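Novice: Residue numbers (the working numbering): 15 to 193.
For every residue, glycine included, the Cβ atom is placed at its ideal position computed from N, Cα and C.
As the structure is a prediction and not an experimental result, all values here were calculated from the model.
Just dropping this structure here.
The structure is reproduced here in structure tokens:
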């Protein structure tokens with residue numbers, strides 16, 4: 015017989031999400047029939063024809079899998095009556111990508127100061143709204159300075175803040191490398 019080969023295919027997901035890998039494979043090879051019955055023809059068959067169970071999995075499929083790459087593997091059990099073994103080449107890779115955190119385009123709360131001739135703005139962590147963390151995770155912005163668009167007195171002024179990775183403090187159980 016010509017044993018079938020299961021080759022897993024690449025997939026990707028975002029940190030904090032799960033992924034269904036059940037269709038991430040290709041099946042090649044065929045089952046050679048008996049010469050007495052069919053004259054040694056090769057019949058193309060589906061996975062359902064060959065296997066009573068076929069599982070495609072990766073340790074990276076779990077929501078808690080950290081950013082990185084993981085092997086995708088296939089395991090199968092042949093249907094009764096088929097006298098072959100299968101080969102799983104396991105070529106697929108699951109890539110877990112960073113989850114993007116959204117920071118609101120406007121500061122929340124009130125940012126005020128008395129006129130002092132400078133364009134420096136004083137902020138608190140409550141002035142930043144962060145969203146799109148994985149369930150149960152979060153962070154706080156620790157940067158307390160920004161810049162008004164003008165040093166002139168008035169209301170409705172634009173405040174600009176540039177943030178870098180060191181301006182965030184992770185909540186318990188949050189690894190900021192996944193974002």
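Residue 128: buried (16+ other C-beta within 10 angstroms of its C-beta) or exposed?
Specialist: With fewer than 16 Cβ atoms within 10 Å of its Cβ, residue 128 is classed as exposed.
Novice: Which value, in whole angstroms, describes the spacing of the CA atoms of residue 84 and residue 22?
Specialist: One C-alpha to the other measures close to 12 angstroms.
Novice: Which residue or residues does DSSP assign as beta-bridge partners of residue 85?
Specialist: Partner(s): 107.
Novice: Shorter than 8 angstroms from the beta carbon of residue 186 to some beta carbon of chain D?
Specialist: Annotation note: the requested chain D is absent from the structure, which comprises a single protein chain.
Novice: Quick check on residue 168: buried or exposed, where buried means 16 or more other Cβ atoms within 10 Å of its Cβ?
Specialist: So residue 168 ends up on the exposed side.
Novice: Give the straight-line distance between the Cα atoms of residue 60 and residue 175, rounded to the nearest whole angstrom.
Specialist: Roughly 57 angstroms separates the two Cα atoms.
Novice: Going by CA-CA distance only, name the one from 71, 42, 133 and 150 that's closest to residue 64.
Specialist: Considering only alpha carbons, the answer is 42.
Novice: Between which two residues does the beta strand (DSSP E) harbouring residue 68 extend?
Specialist: It spans 65-71 - the beta strand (DSSP E) in which residue 68 sits, taken as one unbroken run.
Novice: Evaluate the contact criterion for the stretch 23-33 versus the stretch 136-143: three or more CB pairs, one atom per stretch, below 8 angstroms.
Specialist: Touching, no.
Novice: If you compare alpha carbons, which of 37, 31, 138 and 182 is closest to residue 122?
Specialist: Ranking the options by Cα distance to residue 122, first place goes to 138.
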